[in-house]
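Here is the structure we will look at.
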Amino acid sequence: MVANTASSTTSSLPSAAETPIRVKLRKFIVSPYVKKYRTWEIILFMLVLYTAWVSPFEFGFLQENNGPFRLADNIVNAFFAVDIVLTFFVAYLDHATYLLVDDPKLIAKRYLTSWFILDIVSTIPSELMLRLLPPDLQSYGIFNMLRLWRLRRVSAMFARWEKDKSLSYFWIRCAKLVSVTIFAVHCGGCFFFLLAAKYPDPKNTWIGIVTEDFHEQSFWISYVTAMYWSITTVSTVGYGDLHPVNTWEKFFNFFFMLFGMGLDAYLIGNMTNLVVHGTTRTRKYRDTIQAASSFARRNQIPERLQEQMISHLSLKFRTDSEGLQQQETMDALPKAIRSSISHYLFFPLVQNVYLFQGVSPDMLFQLVSEMKGEYYPPREDVILQNEGPTDFYILATGTAELIDSRSGSEEIVRVVKKGDLVGELGVLCYRPQLFTVRTRSLCQLLRLNRTAFLSIVQANVGDGTVIANNLLQYFRKQGDDPWMQGLLREIESMMTRGRVDLPLTLSFAVVREDEVLLQQLLRRGLDPNESDDEGRTAMHIAAAKGNEHCVKLLLDYGADPNSRDCEGNVPLWEAILGKHERVAKILAENGGELSAGDMGRCACAAAAQNSVRLLEDMLRWGGDVLAAAENDGGTALHRAVCEGNVAVAEFLVRHGADVDKADAQGWTPRGLADQQSHEEIKALFDGAKGAGSPGAAKPPHPAGPRRFSSEPYIPKPNAGGGTATAASAERQSPDYSNSLIGVLSAANLEVRPAQGSTPPVVASPPRQMGSGGGRRQQRGNLARVTVSCPERGDTAKKLVALPKSMQELQEMAAKKFAVKGKVKVTTKDGALVDDVKLLRDGDHLVVD
Numbered sequence: 070m071v072a073n074t075a076s077s078t079t080s081s082l083p084s085a086a087e088t089p090i091r092v093k094l095r096k097f098i099v100s101p102y103v104k105k106y107r108t109w110e111i112i113l114f115m116l117v118l119y120t121a122w123v124s125p126f127e128f129g130f131l132q133e134n135n136g137p138f139r140l141a142d143n144i145v146n147a148f149f150a151v152d153i154v155l156t157f158f159v160a161y162l163d164h165a166t167y168l169l170v171d172d173p174k175l176i177a178k179r180y181l182t183s184w185f186i187l188d189i190v191s192t193i194p195s196e197l198m199l200r201l202l203p204p205d206l207q208s209y210g211i212f213n214m215l216r217l218w219r220l221r222r223v224s225a226m227f228a229r230w231e232k233d234k235s236l237s238y239f240w241i242r243c244a245k246l247v248s249v250t251i252f253a254v255h256c257g258g259c260f261f262f263l264l265a266a267k268y269p270d271p272k273n274t275w276i277g278i279v280t281e282d283f284h285e286q287s288f289w290i291s292y293v294t295a296m297y298w299s300i301t302t303v304s305t306v307g308y309g310d311l312h313p314v315n316t317w318e319k320f321f322n323f324f325f326m327l328f329g330m331g332l333d334a335y336l337i338g339n340m341t342n343l344v345v346h347g348t349t350r351t352r353k354y355r356d357t358i359q360a361a362s363s364f365a366r367r368n369q370i371p372e373r374l375q376e377q378m379i380s381h382l383s384l385k386f387r388t389d390s391e392g393l394q395q396q397e398t399m400d401a402l403p404k405a406i407r408s409s410i411s412h413y414l415f416f417p418l419v420q421n422v423y424l425f426q427g428v429s430p431d432m433l434f435q436l437v438s439e440m441k442g443e444y445y446p447p448r449e450d451v452i453l454q455n456e457g458p459t460d461f462y463i464l465a466t467g468t469a470e471l472i473d474s475r476s477g478s479e480e481i482v483r484v485v486k487k488g489d490l491v492g493e494l495g496v497l498c499y500r501p502q503l504f505t506v507r508t509r510s511l512c513q514l515l516r517l518n519r520t521a522f523l524s525i526v527q528a529n530v531g532d533g534t535v536i537a538n539n540l541l542q543y544f545r546k547q548g549d550d551p552w553m554q555g556l557l558r559e560i561e562s563m564m565t566r567g568r569v570d571l572p573l574t575l576s577f578a579v580v581r582e583d584e585v586l587l588q589q590l591l592r593r594g595l596d597p598n599e600s601d602d603e604g605r606t607a608m609h610i611a612a613a614k615g616n617e618h619c620v621k622l623l624l625d626y627g628a629d630p631n632s633r634d635c636e637g638n639v640p641l642w643e644a645i646l647g648k649h650e651r652v653a654k655i656l657a658e659n660g661g662e663l664s665a666g667d668m669g670r671c672a673c674a675a676a677a678q679n680s681v682r683l684l685e686d687m688l689r690w691g692g693d694v695l696a697a698a699e700n701d702g703g704t705a706l707h708r709a710v711c712e713g714n715v716a717v718a719e720f721l722v723r724h725g726a727d728v729d730k731a732d733a734q735g736w737t738p739r740g741l742a743d744q745q746s747h748e749e750i751k752a753l754f755d756g757a758k759g760a761g762s763p764g765a766a767k768p769p770h771p772a773g774p775r776r777f778s779s780e781p782y783i784p785k786p787n788a789g790g791g792t793a794t795a796a797s798a799e800r801q802s803p804d805y806s807n808s809l810i811g812v813l814s815a816a817n818l819e820v821r822p823a824q825g826s827t828p829p830v831v832a833s834p835p836r837q838m839g840s841g842g843g844r845r846q847q848r849g850n851l852a853r854v855t856v857s858c859p860e861r862g863d864t865a866k867k868l869v870a871l872p873k874s875m876q877e878l879q880e881m882a883a884k885k886f887a888v889k890g891k892v893k894v895t896t897k898d899g900a901l902v903d904d905v906k907l908l909r910d911g912d913h914l915v916v917d
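For the sequence shown, the numbering used here assigns the number 70 to the initial residue and increments by one for each residue that follows.
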């Protein structure tokens with residue numbers, strides 16, 4: 070089993086990056102990153118330090134077993150014996166996949182083929198090994214030198230500490246250098262003393278010429294003497310009172326001096342790097358400040374600009390030294406991680422900016438991912454007046470001021486604070502920056518490049534339209550500010566001159582109920598009958614929303630009150646659906662007629678909803694709900710019978726609907742009521758004036774499968790309400806092509822919605838039930854099938870509406886034919902039916 074983790078060992082990644090995910094390992098398997106195991110490693114590290122000192126000491130100074138040292142050695146060996154057993158239960162990190170491996174077999178195989186043998190040998194007690202070794206090798210300290218194998222733990226521990234962000238690298242590095250030096254001096258002194266102790270002539274040794282009876286003196290005195298010789302040799306300040314005498318000693322000193330030279334170079338090089346590392350940044354800062362000051366003096370730069378230069382350089386040095394180099398850190402990460410961090414840090418701020426109100430979360434995420442955080446010191450210019458529009462900024466912290474210097478003197482126009490935008494007018498309108506932006510305090514600003522912003526807008530044209538409207542609304546809210554109002558008029562004029570294929574349509578203005586924008590667009594020559602991809606005009610939307618002012622405004626500019634959308638709906642029908650009496654009256658007074666639309670479809674929709682009120686309103690406003698038929702010849706009475714809506718059927722019969730009028734398939738309302746056993750409706754028809762023979766109205770069932778006209782009829786767009794004309798395709802690209810308006814216009818020309826995508830215009834408001842999509846959904850469920858039961862004879866056939874599920878179909882069949890027990894439904898050919906989705910309009914089913 071392999072467990073996921075975001076960690077790594079010290080040999081691959083810094084421990085600062087070790088952020089293990091809590092994963093569930095196998096039973097009895099320990100993670101190497103848990104706190105308890107880390108504590109165990111520290112305990113072993115301390116025991117290794119003891120081993121590193123005692124092993125060379127015993128080898129050089131002890132000729133036989135010593136009670137205290139033997140006890141201590143055995144205790145230490147016991148700890149490492151426990152660690153050997155524990156290692157078989159510790160998961161390890163696979164360096165190829167960076168996943169924790171917790172399979173016991175793989176753990177054991179890895180350990181047995183690596184360090185297991187050396188760990189076992191170094192843990193065997195010295196007393197046992199003395200009995201196993203030959204007599205010539207039975208020296209107490211020789212075997213103990215094998216325990217220096219444990220020093221690998223010290224190296225690994227220092228490597229991990231050096232990369233731990235919570236510890237000082239300088240002091241950890243110094244501790245490592247000191248430890249290496251002490252260990253080298255300690256081993257050199259122990260080995261050098263062993264040469265004197267084993268030499269046949271004790272007086273002809275380095276220590277014998279000074280102390281003849283050194284064998285008799287305490288080994289602690291001999292140890293200090295040996296350490297004194299070793300440290301003077303390593304530091305290259307000897308030889309003086311102690312020096313090699315015999316050949317063996319000179320031979321050993323030859324190699325030890327070479328080792329000392331390398332050790333000195335290693336120590337001096339590392340100490341130099343540590344010292345230089347602490348002073349390089351300061352020296353670089355001083356050189357940079359000095360170079361900037363010299364540059365300013367040579368070019369006689371004004372004092373205020375000099376102060377800004379020095380302040381910016383000082384802030385950069387301070388943020389670097391204090392770990393605030395945010396953008397540098399972000400740039401070093403993969404794009405996905407950068408986007409996630411930016412979303413976490415900046416999304417709550419950006420979504421509250423006025424320009425992005427109502428924008429989709431997808432576009433906000435794209436914008437936030439492109440923003441870069443920058444720090445600016447107080448009194449520094451972020452944007453200069455009249456410079457090119459390359460970026461705009463959002464204040465994350467601090468305050469700044471907008472300064473107008475066109476009059477010759479600097480005038481503070483406005484003070485901006487956290488969450489405000491600066492520089493957006495230049496970017497959105499592609500014009501020189503209107504103001505100088507100068508910080509008042511230490512500020513963090515989120516910078517968004519103009520090119521990146523417009524690229525995102527091109528990919529999200531609908532959201533770009535929302536941004537354009539938010540900009541207009543923002544200026545309108547400024548109220549009495551003449552400068553803002555003048556800028557608003559200028560932008561609106563630019564938008565109108567730059568309009569042609571701009572997605573800022575009349576429908577957009579009506580959806581937002583922005584009468585001022587609607588009037589401005591109409592005044593500047595927009596077609597009042599322009600329609601969207603579904604043929605809906607601004608008049609349709611205004612009528613559906615019940616906005617009297619927009620309806621009147623559109624009528625004043627020549628909008629057609631009888632324009633039809635792709636489903637045959639007219640504005641008066643939308644007003645009736647929404648129960649907007651005043652709007653319906655206005656439309657009727659200006660020539661609006663229900664008969665201009667698809668009355669058959671509308672009447673059938675009202676009958677399907679069982680809405681007598683809607684049928685009454687249609688009659689009141691001049692609609693024909695009695696004889697109007699759909700494409701398949703079905704009337705509202707046909708639909709009422711199919712749905713079993715008695716109230717609607719009674720209303721239609723009372724107003725003179727023909728109960729014997731046949732549709733395109735030859736079915737009459739009377740015949741449908743008889744086939745579906747609607748007794749109340751049959752009684753209603755029998756009592757109707759002029760009712761004919763019920764049997765005569767029953768035509769033969771049409772042969773073969775068919776559909777009951779479930780697809781909506783889409784009429785060809787007329788000249789006044791077409792979705793697109795040749796003239797619109799030939800329109801020239803607007804001016805201001807580099808502005809937000811130009812980008813939106815170009816996107817509307819070039820980007821066409823792919824299959825399943827959303828058109829790049831503002832969506833129309835949701836339609837009420839019975840309009841458009843609602844009718845299509847209802848009509849899709851009106852497929853009819855013939856159901857028969859052989860047990861009741863061939864004449865026992867029923868024409869029914871196809872239910873939505875098999876359970877409903879079985880329950881309906883059991884009720885119609887009084888079948889007891891489980892009902893089985895098959896086709897006429899004997900195939901078992903297990904899903905209603907397999908059935909089509911006109912199928913013949915058999916019930917057993």
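Where is the CB? At the ideal position from N, CA and C, for every residue including glycine.
A quick note: this is a predicted structure, and the numbers were derived from the prediction, not measured.
Q | Distance CB(residue 377)-CB(residue 442) smaller than 8 Å | A | Result no, Cβ atoms of residue 377 and residue 442 do not sit closer than 8 Å.
Q: Check residue 241 in the structure and name its three-state DSSP category.
A: Correct three-state label for residue 241: helix.
Q) Nearest-angstrom Cα distance between residue 916 and residue 859? A) Approximately 8 Å, taken between the alpha carbons.
Q) Mind pulling the beta strand (DSSP E) runs of 3 or more residues that sit fully within the segment 92 to 173? A) With a minimum length of 3 residues, the continuous beta strand (DSSP E) runs that stay inside the segment 92 to 173 are 161 to 163 and 168 to 170.
Q) So, helix, strand or coil for residue 545, using DSSP? A) Under the three-state reduction of DSSP output, residue 545 falls in the helix class.
Q. Straight-line CA distance for residue 509 to residue 483?
A. Distance from the CA atom of residue 509 to the CA atom of residue 483, rounded to whole angstroms, is 12 Å.
Q. Any contact of the segment 488 to 503 with the segment 459 to 469, i.e. 3+ C-beta pairs under 8 Å?
A. As far as the Cβ criterion goes, the segment 488 to 503 touches the segment 459 to 469, which means the pair count is three or higher.
Q. Helix, strand or coil for residue 588 per DSSP?
A. In the structure shown, the three-state DSSP call for residue 588 is helix.
Q. Can you list the alpha helix (DSSP H) stretches of 4 or more residues lying completely in the segment 427 to 506, in chain order?
A. Runs found: 430 to 439 and 493 to 498.
Q: Go ahead and pull the three-state DSSP assignment for residue 704.
A: Residue state, collapsed to three classes: strand.
(Q) Assess contact between the segment 706 to 725 and the segment 735 to 745, defined as three or more Cβ pairs (one per stretch) separated by less than 8 Å. Is contact present? (A) In short, these stretches touch, since the Cβ pair count reaches three.
Q) Which residues does DSSP pair with residue 853 in a beta bridge? A) When DSSP reads this structure, residue 853 sits in a beta bridge with 870.
Q) Can you give, in chain order, each stretch of the alpha helix (DSSP H) that sits fully within the segment 253 to 304 and has at least 4 residues? A) Correct list: 288 to 303.
Q: Pull up the CB-CB distance for residue 666 and residue 633, whole angstroms please, since I reckon it's below 8 Å.
A: Confirmed, about 6 Å.
Q: With a cut-off of 8 Å on the beta carbons, I'd call residue 868 and residue 744 a contact; round off their distance for me.
A: Your pair residue 868 and residue 744 checks out as a contact, with CB atoms roughly 4 Å apart and the cut at 8 Å.
Q) Would you call residue 856 buried or exposed, if buried means 16 or more other Cβ atoms sit within 10 Å of its Cβ? A) Answer is buried; the Cβ neighbour count reaches 16.
Q) DSSP three-state call for residue 916: helix, strand or coil? A) Of the three classes helix, strand and coil, the one that applies to residue 916 here is strand, per DSSP.
Q) Between the segment 676 to 696 and the segment 640 to 652, are three or more C-beta pairs nearer than 8 Å? A) Yes, since at least three Cβ pairs between the segment 676 to 696 and the segment 640 to 652 fall closer than 8 Å, the two stretches touch.
Q) Mind pulling the alpha helix (DSSP H) runs of 4 or more residues that sit fully within the segment 714 to 764? A) Inside the segment 714 to 764, DSSP marks whole alpha helix (DSSP H) runs of 4 or more residues at positions 715 to 723, 738 to 744 and 748 to 755, from first to last along the chain.
Q) DSSP state of residue 698, grouped into three classes? A) Residue 698: strand per DSSP, three-state reduction.
Q: Taking residue 419 as part of the alpha helix (DSSP H), name the residues at either end of that continuous run.
A: Where residue 419 is concerned, the enclosing alpha helix (DSSP H) stretches over 404 to 419.
Q | Boundaries of the alpha helix (DSSP H) in which residue 671 is found, first to last residue | A | Here the alpha helix (DSSP H) through residue 671 covers 668 to 677.
Q: Would you mind reading off the limits of the alpha helix (DSSP H) that contains residue 527?
A: That run of the alpha helix (DSSP H) goes 519 to 528.
Q: Count the other C-beta atoms from every protein chain shown that fall within 10 angstroms of the C-beta of residue 398, then say buried if there are 16 or more, exposed otherwise.
A: Residue 398 is exposed by the Cβ-count criterion.
Q.
Assuming residue 895 is part of the beta strand (DSSP E), what are its boundary residues?
A. Counting along the chain, the beta strand (DSSP E) containing residue 895 begins and ends at 894 to 896.
Q. In whole angstroms, what is the alpha-carbon distance linking residue 836 and residue 451?
A. Low local confidence applies: a pLDDT of 40 at residue 836 is under 50, so the model's placement there is unreliable, with the coordinate-based value given in what follows. Taking the straight line from one Cα to the other gives about 48 Å.
Q | For residue 260, the nearest candidate out of 138, 189, 181 and 130 (CA to CA) | A | Of 138, 189, 181 and 130, the residue nearest in Cα terms is 130.
Q. Counting Cβ pairs closer than 8 Å, one from the segment 686 to 693 and one from the segment 658 to 677, do we hit at least three?
A. Yes, the segment 686 to 693 is in contact with the segment 658 to 677.
(Q) Please return the same chain residues whose Cβ sits closer than 8 Å to the Cβ of residue 158, not counting the five positions on each side in sequence. (A) The beta carbon of residue 158 sits closer than 8 Å to those of 97, 98, 99, 173 and 176, all from its chain and outside the five residues before and after it, given in chain order.
Q | contact_flag[the segment 299 to 306, the segment 247 to 256] where n(CB pairs < 8 Å) is 3 or more | A | Note that the segment 299 to 306 touches the segment 247 to 256; at least 3 beta-carbon pairs, one per stretch, sit closer than 8 Å.
(Q) Taking its Cβ as the centre, do 16 or more other Cβ atoms sit within 10 Å of residue 401, making it buried, or is it exposed? (A) Its Cβ having fewer than 16 others within 10 Å, residue 401 is exposed.
Q. Residues bridged to residue 514 by DSSP?
A. DSSP, once it has assigned bridges, lists 443 and 464 as partnering residue 514.
Q.
Check this for me: beta carbons of residue 360 and residue 379, under 8 Å apart or not?
A. Against a cut-off of 8 Å, the Cβ pair of residue 379 and residue 360 comes out as no contact.
Q: Starting from the C-beta of residue 759, find all residues in its chain whose C-beta is less than 6 Å away, skip the five residues before and the five after it, and write them out in chain order.
A: With a pLDDT of 44 at residue 759, under the threshold of 50, the predicted position of this residue should be treated as unreliable, and no value is reported.
Q. What is the DSSP secondary structure of residue 901, counted as helix, strand or coil?
A. Residue 901 falls in the strand class under three-state DSSP.
Q) Under three-state DSSP, which class holds residue 183? A) It is coil, neither helix nor strand.
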